[in-house]
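Undergrad:
Number of protein chains: 2
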Amino acid sequence: MSLLVVGSVAFDSVKTPFGEAEEILGGSATYFSTAASYFTEVNLVAVVGEDFPSQHVNFLKSRGINTDGLEKQDGKTFRWKGEYGYQLNEAQTLETHLNVFESFKPLLPQSYRDSEGVFLANINPELQTDVLNQVTSPKIIACDTMNFWISGKRDALLKTLEHVDILIINDGEARQLAMEANLVKAARIIRSYGPKHLIIKRGEYGALMFNSQSIFAAPAYPLENVFDPTGAGDSFAGGFMGYLLNTRNFSESNMRQAVIFGSVMASFVVEDFSLNRIKTLDYNEIHNRYREFKQLTHFEESAEIFRQ
Amino acid sequence: MSLLVVGSVAFDSVKTPFGEAEEILGGSATYFSTAASYFTEVNLVAVVGEDFPSQHVNFLKSRGINTDGLEKQDGKTFRWKGEYGYQLNEAQTLETHLNVFESFKPLLPQSYRDSEGVFLANINPELQTDVLNQVTSPKIIACDTMNFWISGKRDALLKTLEHVDILIINDGEARQLAMEANLVKAARIIRSYGPKHLIIKRGEYGALMFNSQSIFAAPAYPLENVFDPTGAGDSFAGGFMGYLLNTRNFSESNMRQAVIFGSVMASFVVEDFSLNRIKTLDYNEIHNRYREFKQLTHFEESAEIFRQ
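Chains as they are written, first to last, in the numbering used here: chain A, 1 to 308; chain B, 1001 to 1308.
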């Protein structure tokens, strides 16, 4: 099953306590498609400038990602510059230059319109709806957003959410969107906006998935060397959606496994700058880390204990 | 198996966004013993003032807690006053009056000296060692501490830790004690000080247990109504140690179950002020919540997935 993603392809300049790198390949759609490419066909929709080198396009193609929807426009590619402190939980954005991304109007190639899965990365919710309108009969739609759209384009965002099956956001965004501090209550409010499933990303603390039947809590993998957290959330979404499309099974139990595959991909991406760590993963590494998540969380059913 | 705890018995005045209460029963040893009392015999060591009402002593006795080691001294009982914001993660301490606790020199009743489990709640590490020296042949020793002792009595604390099997602290304390920001590295450093097992409490994010064989990640129970987080950490420790003493099994697998029973007790205590919620739990509630933790974290082993 093919998986469409619309989002950013960018050059990032990143500083962490462990090193810095200039103008490295980044962007939500880049991280998402690379992570998803281990599981399914990906149709990438994004825009870059004339300065975007063919080596990056070739890399995406080498991962079997369809780049027919990667528009090249006059101007420069989106650039982001950020810095992380020792806590590594949230980047301080130093510069954002939207460049060609500013006037981006995603137009889907004909061959993308029958995509069965859709991931709307964090872009203007009006564009998210535009993209959805161009997909003929998607089987599953997931979406991300951020504080900027929640406060600035709330109505457009709520309109998008009516058509979304799975919303994947962080805890601060969930509280802001629901206007409720308690996450259990916030989840109920957000699910009333449309998404049957809500996944709340909590960085080093893992993820929570809420649906009508249950709550699922997944930890993050306790890494000894977190090098650069950039792209963790989009790689999570890529592993999650990639696995769902691979298995064509949207049951609650399979969605839990998808959350773990998402967590696996996120745990790899933060081990190095840019996509370096997930450029050339082999399936043994992916499956082994999945098993490590199982080990990390497993405990036995309990016999009923009474005071002796 | 009997479980000795030394710590504070106090009057707390607490303000949360949901209400406030004055001079309610609190203290680390109170929360610990009440939680543990569902699982095993508890020998309580603490000090109170003349103002401590017999109704509170009677409550502890009603839970089958041995209060022979609860000294009554001239003076007033330890008092703490704190306030929580909407995040409910950390209290702002407004007032601390040590009162009779200031000159506390724990002397164990003869009948306590053969206790098989020991929990040294957060007190001066010199007193922790004094207490350990009075126990004949403990089978398992756990301990808590705080930033005040880590910075102010580091050498005494390291001396205590040489004799401790399980250290139970929060993430900030672990980073401070190890002088290392990364928790995986911090755990290795702390375990080199003596404790074979390190449990890091992360409040609403659950707990991590590190030992030589593995890391175990347990979530917190996602509660819709967290009323007052006071005592959550000590109730966690009480459920954890109580279960271990009940089962007399210190295997890694059983310690994972103990972490879940600790999390169960902590999830109850925060639902109301003081010990109100855990005063009269029944075993069905405890076992049901354990099962809910299993549901919350369960996912299937994965078939090996490749791109199709």
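Built from N, CA and C at the ideal position, the CB exists for glycine as well.
1) For residue 1149/B, which beta-bridge partners are listed by DSSP?
2) How about residue 45/A and residue 65/A: do their beta carbons lie closer than 8 Å?
3) Scan the segment 1040-1055 of chain B for residues whose Cβ lies nearer than 7 Å to a Cβ of chain A and list them as they occur along the chain.
4) Just reading off the alpha helix (DSSP H) that residue 1209/B is part of, what are its end residues?
5) Can you list, in chain order, the residues of the segment 1173-1193 of chain B whose Cβ is nearer than 8 Å to any Cβ on chain A?
6) If you run the structure through DSSP and keep just helix, strand and coil, what is residue 276/A?
7) Is residue 1092/B close to chain A, meaning its C-beta is less than 8 Å from at least one C-beta of that chain?
8) How should residue 242/A be labelled, buried or exposed, when 16 other C-beta atoms within 10 angstroms of its C-beta is the threshold for buried?
9) So, under 8 Å CB-CB, residue 260/A and residue 218/A are touching, yes? Tell me the CB distance rounded to an integer number of Å.
10) Is the distance from the Cβ of residue 1165/B to the Cβ of residue 1196/B below 8 Å?
11) Quick check: is the beta carbon of residue 287/A nearer than 8 Å to any beta carbon in chain B?
12) Spell out the partners DSSP gives residue 1096/B in its beta bridges.
13) Looking at the C-beta of residue 1116/B, does it have a partner C-beta in chain A at a distance below 8 Å?
14) Can you tell which of 1095/B, 1012/B, 1141/B, 1128/B has its C-alpha closest to the C-alpha of residue 1116/B?
15) If we define contact as Cβ-Cβ less than 8 Å, is residue 1246/B a contact residue for chain A?
16) At a CB distance below 7 Å, what residues from the segment 296-308 of chain A approach chain B? Give them in sequence order.
17) Would you check if the segment 1006-1013 of chain B and the segment 1022-1036 of chain B touch, i.e. whether three or more CB-CB distances between them fall below 8 Å?
18) Please name the residue or residues paired with residue 43/A in a DSSP beta bridge.
19) Just how far apart, CA to CA, sit residue 1188/B and residue 1003/B?
20) Output needed in chain order: residues of the segment 1204-1216 of chain B with a Cβ under 8 Å from some Cβ in chain A.
21) With a Cβ-Cβ cutoff of 8 Å, do residue 97/A and residue 78/A count as a contact?
22) So what does DSSP say about residue 1111/B, is it helix, strand or coil?
23) Go through the segment 1225-1307 of chain B residue by residue and report every complete run of the alpha helix (DSSP H) that reaches 4 residues or more, in order.
24) Check whether the segment 27-39 of chain A and the segment 227-235 of chain A are in contact - that is, three or more C-beta pairs closer than 8 Å.
25) Return the CA-CA distance between residue 247/A and residue 174/A, expressed in angstroms with no decimal places.
26) For residue 1128/B, count neighbouring Cβ atoms within 10 angstroms of its own Cβ and tell me buried if that reaches 16, exposed if not.
27) Could you tell me whether the Cβ atoms of residue 1168/B and residue 1130/B are closer together than 8 Å?
28) Going by DSSP, which residues form a beta bridge with residue 172/A?
29) Does chain A have any CB closer than 8 Å to the CB of residue 1199/B?
30) Going along chain A in order, which residues have a C-beta closer than 8 Å to the C-beta of residue 1260/B?
31) Thinking residue 1184/B and residue 1100/B are a contact (beta carbons under 8 Å), I'd like their distance in whole angstroms, please.
32) Given a threshold of 16 other Cβ atoms within 10 Å of its Cβ, counted over all protein chains shown, does residue 313/A qualify as buried or as exposed?
33) Can you name the residues of chain B whose CB is closer than 7 Å to the CB of residue 380/A?
34) When DSSP builds the beta bridges, which residues end up paired with residue 48/A?
35) Pull up the CB-CB distance for residue 1082/B and residue 1092/B, whole angstroms please, since I reckon it's below 8 Å.
36) Throw me the rounded Cβ distance for the residue 293/A and residue 263/A pair, which I believe falls under 8 Å.
TA: Once the coordinates are examined:
1) Taking the second sequence and counting its residues from 1, the one referred to as residue 1149/B is at position 149. Partner(s): none; residue 1149/B has no beta bridge.
2) If you number the first sequence from 1, residue 45/A lands on position 45. If you number the first sequence from 1, residue 65/A lands on position 65. No, the Cβ-Cβ distance between residue 45/A and residue 65/A is not below 8 Å.
3) 1040
4) Start at 1 with the first residue of the second sequence, and residue 1209/B comes out as number 209. Premise fails: residue 1209/B lies in the beta strand (DSSP E), 1207-1210, not in any alpha helix (DSSP H).
5) 1181, 1182, 1183, 1184, 1185
6) Residue 276/A sits at position 276 when you count from the first residue of the first sequence. DSSP places residue 276/A in helix when its eight states are reduced to three.
7) Walking along the second sequence from the start, residue 1092/B turns up at place 92. Closer than 8 Å: no.
8) Within the first sequence, numbered from 1, the residue matching residue 242/A stands at position 242. Buried, because 16 or more other Cβ atoms sit within 10 Å of the Cβ of residue 242/A.
9) If you number the first sequence from 1, residue 260/A lands on position 260. If you number the first sequence from 1, residue 218/A lands on position 218. 6 Å between Cβ atoms; contact.
10) Position 165 of the second sequence, counting from 1, holds the residue named residue 1165/B. Position 196 of the second sequence, counting from 1, holds the residue named residue 1196/B. Yes, the pair counts as a contact, with Cβ atoms nearer than the cut-off.
11) Your numbering for residue 287/A matches position 287 in the first sequence. Interface residue, yes.
12) Position 96 of the second sequence, counting from 1, holds the residue named residue 1096/B. Bridge partners of residue 1096/B: 1080/B.
13) In the second sequence, residue 1116/B corresponds to position 116, counting from 1. Taking Cβ atoms only, chain A never reaches closer than 8 Å to residue 1116/B, which makes this a no.
14) Locating residue 1116/B in the second sequence gives position 116, where the first residue counts as 1. The shortest Cα separation from residue 1116/B among 1095/B, 1012/B, 1141/B, 1128/B belongs to 1141/B.
15) The sequence position of residue 1246/B within the second sequence is 246, counting from 1. Output row for residue 1246/B: interface = yes.
16) 296, 297, 299, 300, 301, 302, 304, 305, 306, 307, 308
17) yes
18) By 1-based counting over the first sequence, the position of residue 43/A is 43. DSSP, once it has assigned bridges, lists 4/A, 66/A as partnering residue 43/A.
19) Residue 1188/B sits at position 188 when you count from the first residue of the second sequence. Residue 1003/B sits at position 3 when you count from the first residue of the second sequence. Going from the Cα of residue 1188/B to the Cα of residue 1003/B covers about 28 Å.
20) 1205, 1206, 1208, 1214, 1215, 1216
21) Taking the first residue of the first sequence as 1, we reach residue 97/A at position 97. Taking the first residue of the first sequence as 1, we reach residue 78/A at position 78. Their beta carbons are under 8 Å apart, which means residue 97/A touches residue 78/A by this criterion.
22) The residue labelled residue 1111/B in the question sits at position 111 within the second sequence. Helix, per DSSP.
23) 1232-1247, 1252-1269, 1283-1297
24) yes
25) Your numbering for residue 247/A matches position 247 in the first sequence. Your numbering for residue 174/A matches position 174 in the first sequence. About 28 Å.
26) Along the second sequence, read from residue 1 onward, the residue named residue 1128/B stands at position 128. The residue in question, residue 1128/B, is buried, as its Cβ has 16 or more Cβ neighbours within 10 Å.
27) To locate residue 1168/B, count along the second sequence from 1; it is residue 168. To locate residue 1130/B, count along the second sequence from 1; it is residue 130. No; because the gap between Cβ atoms is not below 8 Å, this pair is not in contact.
28) Walking along the first sequence from the start, residue 172/A turns up at place 172. Bridge partners of residue 172/A: none, in fact.
29) The residue labelled residue 1199/B in the question sits at position 199 within the second sequence. So no, residue 1199/B is outside the interface.
30) Taking the second sequence and counting its residues from 1, the one referred to as residue 1260/B is at position 260. Simply 299, 302.
31) Position 184 of the second sequence holds residue 1184/B. Position 100 of the second sequence holds residue 1100/B. About 41 Å separates the two Cβ atoms, so there is no contact after all.
32) Summary: the structure shown does not reach residue 313/A, with chain A confined to residues 1 through 308, and so no result is reported for it.
33) Outside the shown range of chain A, which is 1 to 308, sits residue 380/A, and nothing can be said about it.
34) Here residue 48/A refers to the residue found at position 48 of the first sequence. 72/A.
35) If you number the second sequence from 1, residue 1082/B lands on position 82. If you number the second sequence from 1, residue 1092/B lands on position 92. With a Cβ gap of about 6 Å, residue 1082/B and residue 1092/B count as contacting.
36) Mapped onto the first sequence, residue 293/A falls at position 293. Mapped onto the first sequence, residue 263/A falls at position 263. Residue 293/A to residue 263/A, Cβ: 6 Å. Contact.
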